[in-house]
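Asker:
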Amino acid sequence: MSTFKNVIVGFAISFIGSLPLGYLNIIGYTIHEKYGISSLIQFLLGIITVEFFVIYFTLVFAEKIASNKKLLKRIEQFSILFFLILTILATIQILSVENNHTATYINHNFFLNGILLNCINLMQIPFWTGWSIYLVSNKYINVKKYNKISYLIATLIGTLAGMTTFIMILAKLAEKISFFKNIINYIFLITFLTLFLIQAIKYYKKHLKSI
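Residue numbers for the sequence shown follow this note's numbering, beginning at -10 and rising by one.
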């Protein structure tokens, strides 16, 4: 029963958590459109390779991470910088397309792309830390012995399924709506800019407003 519960909870959280329009989904869509489904799968496998270790260590060290305010502050600072860089890259991409040039931040080693891009996705640390503390303390999951493995595997499958679902929906929209491909780069830019502003505002309210 504990294993089944771990699988359901782990899959549900990671599936739902991977659905919003984040930068990994956007890059995954770009890979799918330009290079096909096999390249996308390589990219997603790179992502869940990193996620395995992130979830495992946040599960083991959840309380220590949550209590390390300095580490969490550094993660927030890095995330602001990271989303600013993505916003700049998206702007360059739009300008290069309008001027008939090709600009990209994706090379052809898609598995490595997935690993590297998810390694710098530091906001997943507080995300999984928070969930780990909540799920374990409220006994929604059992992390003793082999039950921990069932939870980890379920979360990875959930991420894979969630991202694939979202990317396929974007691809279908591009097929059905003629102007979608013409505005996709602008959607990327707006998404990255929004994520940057959200992180910057949250950081300001949390650390600078009272100064």
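Note that CB positions come from ideal geometry on N, CA and C, so glycine has one too.
Taking G147 as the reference, give the member of T180, K191 and I37 with the closest Cα.
Answerer: Scanning T180, K191 and I37 for the CA closest to the CA of G147 turns up I37.
Asker: How about the segment 131 to 149 and the segment 16 to 24: do they share at least three Cβ pairs that are nearer than 8 Å?
Answerer: By the Cβ test, the segment 131 to 149 is not in contact with the segment 16 to 24, since fewer than three Cβ pairs between them sit closer than 8 Å.
Asker: So is E40 buried or exposed if we call it buried at 16+ other beta carbons inside 10 Å?
Answerer: buried
Asker: How long is the line joining the alpha carbons of Y12 and Q31, rounded to whole angstroms?
Answerer: In a straight line, the C-alpha of Y12 is about 17 Å away from that of Q31.
Asker: Starting from the Cα of F46, find the closest Cα among R63, G6, N98 and T118 and give me that residue.
Answerer: T118
Asker: Starting from I5, trace the alpha helix (DSSP H) in both directions and tell me its first and last residue.
Answerer: S(-9) to G6
Asker: From V132 to V(-2), what distance separates their C-alpha atoms?
Answerer: 12 Å
Asker: Mapping DSSP to helix, strand and coil, what is K53?
Answerer: Note: K53 maps to helix in three-state DSSP.
Asker: Would you give the residue range spanned by the alpha helix (DSSP H) that M157 belongs to?
Answerer: Looking at the DSSP string, the run of the alpha helix (DSSP H) that includes M157 is N136 to K165.
Asker: State buried or exposed for G25, treating a residue as buried only when at least 16 other CB atoms are found within 10 Å of its CB.
Answerer: exposed
Asker: Identify which residue in T(-8), I74 and K53 has its Cα closest to the Cα of F185.
Answerer: I74
Asker: Look at the Cβ atom of G35, then the Cβ atom of N127, and state whether they are nearer than 8 Å.
Answerer: no
Asker: Let me make sure I understand the geometry here. Which of A1, I173, F181 and F42 has the alpha-carbon closest to that of I104?
Answerer: Checking every option, the nearest Cα to that of I104 belongs to F42.
Asker: Are there 16 or more other CB atoms within 10 angstroms of the CB of I166, so buried, or fewer, so exposed?
Answerer: exposed
Asker: Can you tell me whether DSSP reads H21 as helix, strand or coil?
Answerer: helix
Asker: Assuming contact is defined by CB atoms lying nearer than 8 Å, are K23 and H196 in contact in what I supplied?
Answerer: no
Asker: Does I109 come out as helix, strand or coil in the three-state DSSP assignment?
Answerer: coil
Asker: Run the CB neighbour count on M152, radius 10 Å, all protein chains shown included, and call it buried at 16 or more, exposed below.
Answerer: buried
Asker: Below 8 Å between beta carbons: does that hold for L8 and S68?
Answerer: no
Asker: Return yes when the Cβ of I109 is within less than 8 Å of the Cβ of F71, no when it is not.
Answerer: A contact, by the Cβ cut-off of 8 Å.
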